[in-house]
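The block underneath contains the structure these notes are about, expressed in structure tokens.
There are 2 protein chains.
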Amino acid sequence: MSQIKEYIAANEPRFLQELFDLIRIPSVSAKSEHKPDMIRCAEHWKSHLLGVGAQKAEVFPTDGNPIVYGEYIIDASLPTILIYAHYDVMPPEPLELWNSEPFEAVVRDGRIWARGADDDKGQSMIQVKGFETALKLGLIRCNVKFIFEGEEEIGSTHLEDFCKKHKEMLKSDVIVVSDTSMISAETPSLTTGLRGLAYWEIEVTGPNRDLHSGHFGGAVANPINELCKLIAQVVDADGRIVIPRFYDDVVPMSDEERNMIAQVPFDENEYKAALDVDELFGEKGYHTLERNSCRPSFDVCGIWGGYTGEGAKTVLPSKAYAKVSCRLVASQDHEKISKMFADYIQSIAPKYIRVQVKPMHGGEAYLCPIDLPAYQAAEKACEVAFGKRPLAVRRGGSIPIIAAFERVLGVKTVLMGFGLESNAIHSPNENMRLDIWRKGIEAAAEFYNYFPER
Amino acid sequence: MSQIKEYIAANEPRFLQELFDLIRIPSVSAKSEHKPDMIRCAEHWKSHLLGVGAQKAEVFPTDGNPIVYGEYIIDASLPTILIYAHYDVMPPEPLELWNSEPFEAVVRDGRIWARGADDDKGQSMIQVKGFETALKLGLIRCNVKFIFEGEEEIGSTHLEDFCKKHKEMLKSDVIVVSDTSMISAETPSLTTGLRGLAYWEIEVTGPNRDLHSGHFGGAVANPINELCKLIAQVVDADGRIVIPRFYDDVVPMSDEERNMIAQVPFDENEYKAALDVDELFGEKGYHTLERNSCRPSFDVCGIWGGYTGEGAKTVLPSKAYAKVSCRLVASQDHEKISKMFADYIQSIAPKYIRVQVKPMHGGEAYLCPIDLPAYQAAEKACEVAFGKRPLAVRRGGSIPIIAAFERVLGVKTVLMGFGLESNAIHSPNENMRLDIWRKGIEAAAEFYNYFPER
Chain Z
1 MSQIKEYIAA NEPRFLQELF DLIRIPSVSA KSEHKPDMIR CAEHWKSHLL GVGAQKAEVF
61 PTDGNPIVYG EYIIDASLPT ILIYAHYDVM PPEPLELWNS EPFEAVVRDG RIWARGADDD
121 KGQSMIQVKG FETALKLGLI RCNVKFIFEG EEEIGSTHLE DFCKKHKEML KSDVIVVSDT
181 SMISAETPSL TTGLRGLAYW EIEVTGPNRD LHSGHFGGAV ANPINELCKL IAQVVDADGR
241 IVIPRFYDDV VPMSDEERNM IAQVPFDENE YKAALDVDEL FGEKGYHTLE RNSCRPSFDV
301 CGIWGGYTGE GAKTVLPSKA YAKVSCRLVA SQDHEKISKM FADYIQSIAP KYIRVQVKPM
361 HGGEAYLCPI DLPAYQAAEK ACEVAFGKRP LAVRRGGSIP IIAAFERVLG VKTVLMGFGL
421 ESNAIHSPNE NMRLDIWRKG IEAAAEFYNY FPER
Chain A
1 MSQIKEYIAA NEPRFLQELF DLIRIPSVSA KSEHKPDMIR CAEHWKSHLL GVGAQKAEVF
61 PTDGNPIVYG EYIIDASLPT ILIYAHYDVM PPEPLELWNS EPFEAVVRDG RIWARGADDD
121 KGQSMIQVKG FETALKLGLI RCNVKFIFEG EEEIGSTHLE DFCKKHKEML KSDVIVVSDT
181 SMISAETPSL TTGLRGLAYW EIEVTGPNRD LHSGHFGGAV ANPINELCKL IAQVVDADGR
241 IVIPRFYDDV VPMSDEERNM IAQVPFDENE YKAALDVDEL FGEKGYHTLE RNSCRPSFDV
301 CGIWGGYTGE GAKTVLPSKA YAKVSCRLVA SQDHEKISKM FADYIQSIAP KYIRVQVKPM
361 HGGEAYLCPI DLPAYQAAEK ACEVAFGKRP LAVRRGGSIP IIAAFERVLG VKTVLMGFGL
421 ESNAIHSPNE NMRLDIWRKG IEAAAEFYNY FPER
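Line order of the protein sequences matches chains Z and A. Counting along the first sequence from 1, when you hit position 136 you're at 136 in the numbering used here, and nothing is skipped either side. Counting along the second sequence from 1, when you hit position 7 you're at 7 in the numbering used here, and nothing is skipped either side.
And the structure:
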């Protein structure tokens, strides 16, 4: 057994306790009532970073949630890695679908169950415990900086400005992030691409008050009917987004990339069975694994309006709302898309309703070159921990700040994530396999054996 | 001043107090938590009917809310009228839009403000106070029966069966109902037609759990997107419902009826301004007043799914729901339409989602002949009270039980309603003009001067 494996095994009960303490703070960034928890969580990380060996750590207030910075500097002339993570989590709703308390982690069936068990408390703890392990074993030969934010799930609103203001402090050669997932436990992978995001709230106003649908139905446009018509006009029967010029900036997939994706183990029947759907639906001409990672998508994330209580109230409501989003790919500009979408919706909106399209947040897609030294170090570290060379694949999720790091700090990011699809992030019963968590820490520690190259 | 007017004026403070006491019982039939209030309200009516002169009154339990029956019998050989009303009201939500408590009636600006001020507590009280007035003044020359139900707003679920079981008790020559509205305070009218109703809840199921829209978006159908597409396929750009054979049984409007409607005072600009809409939308080829009374319509009454809280949660939800309804016209069969709609939705539903269409309730449309003796008595009574001969017009609302009365009891109904569009029934700040309420009671009392014909 390697000394890294030994250290991790010897300290696992404490590592788990530390993760559970972190999870216990309900740092839900989407809800303003959790503001005090955000501050508590940031302070918690500051203490913890100092505890594991950072020479200094600080909580920086922002106009939103605070940002935690920490550093371990050996020598300014050595290469520097910057570990980015986020301490905020998604809302736990719907609560009734959880099998245990979302903020009280439990280990059951070889998995850790809790909101944030994976995204991103479990994964950020992997990096910090990897750092602790490497440090205690004297393996670290580079400077290590940490930046943990509390607004990733709501668009990293204040992090880009923070980076602009603290360029010198955040100076680094590469950024390392554990906030993505692998193809499967048997097929480890590293993420070389992320999708971008644009998110809007649509408000449709019909009459100035809720109306009796008997007295007005048929004579006055119904805002819910009309909202549905607007949404139905975004994607065509072939799964293509019909907004004019929407695909103009999309970099076409190379044959090489498509060939590589074709080699990823994938059983469509299993995939459908796991989701309990009879058929899949997506853009014509693309494979499922291309559709969910290399092609843009349009999803209604939420919709509401009118009477939604018990029974059968007849009403022609005054308002209808939807929260909608597009996942974007390289090199779509999220601000350009955001405007394009709003313009399109206004252009198809009939005169008998009023429509407001409010951009909520967005971010660019990202692509990582596989010849980057830090990418190759991560590849070797994962091979040691998982016993297989990880595949390089693009993934469908978004970490908008990754593109911003490149733009503002001029630094590429290596996405060294250890999630699994079955982890149910953003859903009830989020979880993390304990064996993967362990291997993740091992890989994070092994990274320091390969970076910088000897 | 007529003796009827004098009696009403002398007793108005008590009449109002009696209405307010009735309103104070929150008899919301759509919510099961109000079950005890339904029983209380029925008992309240029983006592009140006995108080105003009914020789007997009784509360009949049903599998739903109780039905109140009362009677004042002079001689079995005389003509009998049956006064129907409902004591249940619509839910008061959204509460934040009310200017005063929905169940604590107040008089302000010459109007009574409360849930039920019009529909149907205000209007049922008009009939009962009209009866009291005529009785005290010795004007009554027919038998009078009362039947008040507590499920009108949820489809009169148990009344039809009740009528079947109590045909002898409910035997009558004509039914009189105050639960409709007039064209305006200046243009009194009697309702000669009502629309029918069919109401469904649609449930769309996509994947078996809420998914991360980054990891699955583009590859798996989103149930909200799909629900919107289904709804968008019900009505075409010309405002016509595209369900096959939907219009097959619709009795076309006669030229005579269309000519009469054209004479109803109507200013489209005022109508739009009152609703604050820039344009109206409805079936091509029909006037607004035809669209909202003589033609069927399709409205989404409520829609919900996904994340609807604060902020911008990205999610590809598992479920989406809508409550939808059609107003029907003579002689569409609501059960036939109900099945037709469910079949249509299933026929257009793609294979990548599962759709359930659950019929919630329904009722037939109704047409009243204007040569009916009781219609003509009502016409004369209104002319005395309002100083103008009321117009005979069809209205867009539904009282499904009216068609059932005809089917089960073999009796026509005279719709002697005193509502106004500005009364905001089914909406926040429901109200009733005090002067109209007064004239309504006068008309209800005058009715006994003309029925039966002398």
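Even glycine gets a Cβ: it sits at the ideal position worked out from N, Cα and C. Since the structure is predicted, the reported quantities are computational estimates derived from the model, not experimental observations.
Beta-bridge pairing of residue i - partner residues as DSSP gives them
| i | result |
| --- | --- |
| His-361/Z | Tyr-199/Z |
| Ser-189/Z | Leu-391/Z |
| Phe-60/Z | Ile-67/Z |
| Ala-85/Z | Phe-148/Z |
| Asp-299/A | Ser-325/A |
| Leu-316/Z | Leu-211/Z |
| Asn-431/Z | Trp-113/Z |
| Ser-32/A | Ser-32/A pairs with nothing; no bridge assigned. |
| Tyr-366/Z | Leu-194/Z |
| Thr-413/A | Ile-175/A |
Partners in chain Z for residue i, counting only beta-carbon separations shorter than 7 Å
| i | result |
| --- | --- |
| His-212/A | Gly-397, Ile-425, His-426 |
| Ser-100/A | By Cβ distance, chain Z contributes nothing, its closest Cβ being about 16 Å from Ser-100/A, past 7 Å. |
| Glu-283/A | Gly-218 |
| Asn-292/A | His-215, Phe-216, Gly-217, Gly-218, Ala-219 |
Buried versus exposed call for residue i [16 or more other C-beta atoms within 10 Å across all chains shown]
| i | result |
| --- | --- |
| Gly-363/A | buried |
| Ser-32/Z | exposed |
| Leu-159/A | buried |
| Arg-14/A | exposed |
| Pro-252/A | exposed |
| Gly-410/A | exposed |
| Asn-143/A | buried |
| Arg-454/Z | exposed |
| Asn-423/A | buried |
| Gly-122/A | buried |
| Gln-127/Z | buried |
| Pro-61/Z | exposed |
| Glu-132/A | buried |
| Ser-487/A | Residue 487/A cannot be examined here, being either before or after the span of chain A that is shown, 1 to 454. |
| Pro-457/Z | Absent from the model: residue 457/Z. The displayed extent of chain Z is 1 to 454, so no value can be given. |
| Glu-526/A | The requested residue 526/A is not part of the displayed model; chain A covers only 1 to 454. |
Within chain A, the residues that residue i reaches when beta carbons sit closer than 7 Å
| i | result |
| --- | --- |
| Leu-275/Z | Pro-207, Asn-208, Val-220 |
| Met-90/Z | Lys-313 |
| Gly-64/Z | Result: empty, since nearest Cβ-Cβ is about 12 Å, beyond 7 Å. |
| Thr-288/Z | Ala-219 |
| Glu-203/Z | Under the 7 Å cutoff, chain A gives no residues; its nearest Cβ is about 13 Å from Glu-203/Z. |
| Met-360/Z | Ala-312 |
Partner residues on chain Z for residue i, Cβ-Cβ distance less than 9 Å
| i | result |
| --- | --- |
| Asp-278/A | Lys-351, Tyr-352, Ile-353, Arg-354 |
Candidates the options, of which the one nearest residue i by Cα
| i | options | result |
| --- | --- | --- |
| Asp-120/Z | Leu-19/Z, Glu-290/Z, Tyr-7/Z, Ser-254/Z | Leu-19/Z |
| His-48/Z | Ala-274/Z, Glu-93/Z, Gln-17/Z | Gln-17/Z |
| Asp-299/A | Ser-184/A, Ile-261/A, Tyr-307/A, Ala-232/A | Ala-232/A |
| Ser-297/A | Asn-11/Z, Phe-216/Z, Arg-291/Z | Phe-216/Z |
| Leu-194/A | Glu-104/A, Tyr-87/A, Met-182/A | Met-182/A |
| Lys-145/A | Tyr-87/A, Ile-81/A, Leu-95/A | Ile-81/A |
| Gly-64/A | Val-384/A, Ile-154/A, Val-315/A, Gly-214/A | Ile-154/A |
| Arg-327/A | Thr-314/A, Ile-353/A, His-361/A, Glu-310/A | His-361/A |
Distance cut-off 6 Å: residue i Cβ against heavy atoms of the ligand COA
| i | result |
| --- | --- |
| Glu-186/A | Among the components of this structure there are no ligands whatsoever, and the ligand COA is therefore not found. |
Beta-carbon neighbours of residue i, restricted to chain A and to distances below 8 Å
| i | result |
| --- | --- |
| Tyr-199/Z | Ala-312, Thr-314 |
| Arg-111/Z | Residues of chain A passing the Cβ test: none, with the nearest at roughly 16 Å. |
Proximal residues of chain Z, C-beta to C-beta of residue i below 8 Å
| i | result |
| --- | --- |
| Gly-306/A | Val-300, Cys-301, Gly-302, Ile-303, Lys-323 |
| Val-235/A | Asn-225 |
| Arg-327/A | Ser-213, Gly-214, Gly-217, Gly-218 |
Per-residue contacts from residue i into chain A (C-beta, under 9 Å)
| i | result |
| --- | --- |
| Cys-368/Z | Here the premise fails: no neighbours, minimum Cβ distance about 17 Å. |
| Glu-93/Z | Tyr-307, Gly-309, Lys-313 |
| task | Take every Cβ of the stretch 275–289 of chain Z, pair it with every Cβ of the stretch 228–245 of chain Z, and state whether three or more of those distances are shorter than 8 Å. | result | Cβ pair count under 8 Å is three or more, so yes.
| query | With contact counted as at least three CB pairs below 8 Å, one residue from each stretch, are the stretch 425–440 of chain Z and the stretch 108–115 of chain Z in contact? | reply | At 8 Å Cβ cutoff, the stretches touch.
| request: Check whether the stretch 285–295 of chain Z touches the stretch 168–176 of chain Z, taking contact to mean three or more Cβ pairs, one atom from each stretch, closer than 8 Å. | output: Not touching, per the Cβ criterion.
| request: Would you be able to state if there are at least three C-beta pairs under 8 Å between the stretch 184–200 of chain A and the stretch 393–413 of chain Z? | output: No: the two stretches stay apart, fewer than three of their Cβ pairs being nearer than 8 Å.
| Cβ contact check for the stretch 68–81 of chain Z and the stretch 50–58 of chain Z: 3 or more pairs under 8 Å | Counting C-beta pairs with one atom in each stretch, the stretch 68–81 of chain Z and the stretch 50–58 of chain Z have three or more that are closer than 8 Å, which means they touch.
| query | Do the stretch 433–449 of chain A and the stretch 221–229 of chain Z make contact, defined as three or more Cβ pairs closer than 8 Å? | reply | Using a C-beta cut-off of 8 Å, the stretch 433–449 of chain A makes no contact with the stretch 221–229 of chain Z, since fewer than three inter-stretch Cβ pairs fall below that distance.
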